[in-house]
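Going by this note's numbering, 147 is the number at position 15 of the sequence shown; the sequence numbering is gapless. Below is one structure, written out as structure tokens; comments come after it.
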Amino acid sequence: MRDAISAPDAEGRPRRTTRRFPLFTRDTARPEGGGRAAPGDAPAPARQWPILAVLSAVGLGLLLTALDVFRFGTILIGAALLAGAVMRWMLPDVGMLAVRSRFTDMVTYGVLGVAIVLLAMMAQPNPWLVIPFLDDTLHFTVR
């Protein structure tokens, strides 16, 4: 059985290929949209403004939560993640806000943002949102 052979290298010799991953990774591909969000001559915070906006809103939400304004703080955290999903969808370059592919980032930020907002609205006491089947599920599992 012959080894798999790829296209010739720069010197014209065919290279042997393998399906195994290399032992050492030489480089990684930057995610789509992972370039600078501002020109290269701008200061570092201006180049990374999308992630700084999301992190600032999350930080403010955590501060509000620590100051006993739980519901508004957690809703702000969820809204910040939803804003991150929208920025990832709308902007061509978002800097370090791009972690994976555009679709995966949007789905991850969106699902987490919606889940946090819904949980904040359902939190006791005096929930803003009541979902009856969850109460029934809780009745049969915990009570």
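Ideal placement from N, C-alpha and C gives every residue a C-beta, glycine not left out. Computed from a predicted model, the values in this text were never measured in an experiment.
Test item: CB-CB of residue i and residue j under 8 Å
i           : j           : result
residue 237 : residue 167 : no
residue 248 : residue 209 : yes
residue 212 : residue 186 : yes
residue 220 : residue 255 : no
residue 207 : residue 252 : yes
residue 205 : residue 196 : yes
residue 223 : residue 182 : yes
residue 217 : residue 242 : yes
Run of the alpha helix (DSSP H) containing residue i, from where it starts to where it stops
i           : result
residue 257 : That residue, residue 257, is in no alpha helix (DSSP H); it is neither H nor E in DSSP.
residue 188 : 181–198
For residue i, the three-state DSSP class (helix, strand or coil)
i           : result
residue 225 : coil
residue 336 : No answer is possible for residue 336: it lies beyond the span of the chain, which begins at 133 and ends at 275.
residue 263 : coil
residue 145 : coil
residue 252 : helix
residue 173 : coil
residue 232 : coil
residue 167 : coil
residue 201 : coil
residue 133 : With a pLDDT of 46 at residue 133, under the threshold of 50, the modelled position of this residue cannot be trusted; read the value that follows with caution. Looking at residue 133 - three-state DSSP - the assignment turns out to be coil, as it is neither helix nor strand.
Chain C within 8 Å of residue i, Cβ atoms only
i           : result
residue 216 : Within the model displayed, chain C is absent; a lone protein chain is all it includes.
| Are at least three pairs of beta-carbons, each pair with one atom in the segment 252–266 and one in the segment 219–234, less than 8 Å apart? | no
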